[in-house]
Ligand SMILES: CC(C)(COP(=O)(O)OP(=O)(O)OC[C@H]1O[C@@H](n2cnc3c(N)ncnc32)[C@H](O)[C@@H]1OP(=O)(O)O)[C@@H](O)C(=O)NCCC(=O)NCCS
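Residue numbers (the numbering used here): 11 to 193.
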């Protein structure tokens with residue numbers, strides 16, 4: 011994946027603040043030089059919703075700049091921004107044949123405004139069309155909001171589940187059907 015592929019941005023409405031001073035939310039793919047943005051948003055997501063994510067090994071809190079930059083070699087990061095505020099974060103991991111949506115998080119102040127949907131759509135659109143393989147997501151259950159989000163985007167349950175190490179919880183896999191009729 012070329013770095014240039016990462017720089018196309020998608021705008022959700024006018025970037026100028028409205029009459030009430032609210033900035034519209036804008037979703038875009040991040041370039042590796044913006045690794046600090048991904049780091050800070052990921053740390054905010056882990057603080058806000060620890061039960062929704064599995065920290066990586068070693069945990070992101072210990073990652074160096076090089077490790078963050080390396081994460082662009084195996085995937086794409088996207089952020090949603092409202093002015094200078096980060097409204098959400100998501101990643102598409104493309105380490106093997108298949109791709110995995112992961113780290114999807116919307117700041118609580120921006121939920122139910124289409125932020126996560128836009129981020130996931132942006133990532134799937136950012137995947138090279140020639141790339142073979144399916145797009146999956148794992149959801150740590152229970153998470154009705156996430157399940158509903160992915161189903162609204164055309165993901166379908168595969169019925170594949172796996173237990174989480176050392177926890178009495180399971181994660182369930184969904185697969186993108188390719189149906190974009192509700193995009
Ligand atoms: C799940 C999460 C990412 C959704 O983000 P969001 O930006 O609010 O989602 P969207 O606004 O794009 O929602 C799109 C659709 O998903 C569904 N949805 C989202 N949140 C929902 C909720 N709390 N309850 C039920 N359905 C929900 C709805 O169908 C929604 O469409 P609608 O608002 O028109 O009804 C957000 O709640 C979050 O960050 N949760 C904590 C972290 C997390 O669970 N991440 C997912 C890990 S797999």
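Each residue gets a CB set at the ideal place from its N, CA and C atoms; glycine is no exception.
These numbers were taken from a predicted model, which means no experiment stands behind them.
- Here the alpha carbon of residue 54 sits roughly 12 Å from the alpha carbon of residue 114.
- DSSP places residue 184 in the strand class (E or B) of the three-state scheme.
- The region 125-141 makes no contact with the region 41-60, as fewer than three CB pairs between them are under 8 Å.
- Short of 8 Å from the beta carbon of residue 108, and not among the five residues preceding or following it, lie these beta carbons of its own chain, in chain order: 143, 144, 145, 146.
- With contacts defined as CB atoms closer than 8 Å, residue 76 and residue 97 fail to qualify as a contacting pair.
- Judged by DSSP secondary structure, residue 87 falls within the beta strand (DSSP E) whose first and last residues are 85-92.
- Within the same chain, Cβ atoms closer than 7 Å to the Cβ of residue 132 are found at 20, 37, 39, 88, the five residues on either side in sequence being excluded.
- For residue 42, the secondary structure class from DSSP, reduced to helix, strand or coil, is helix.
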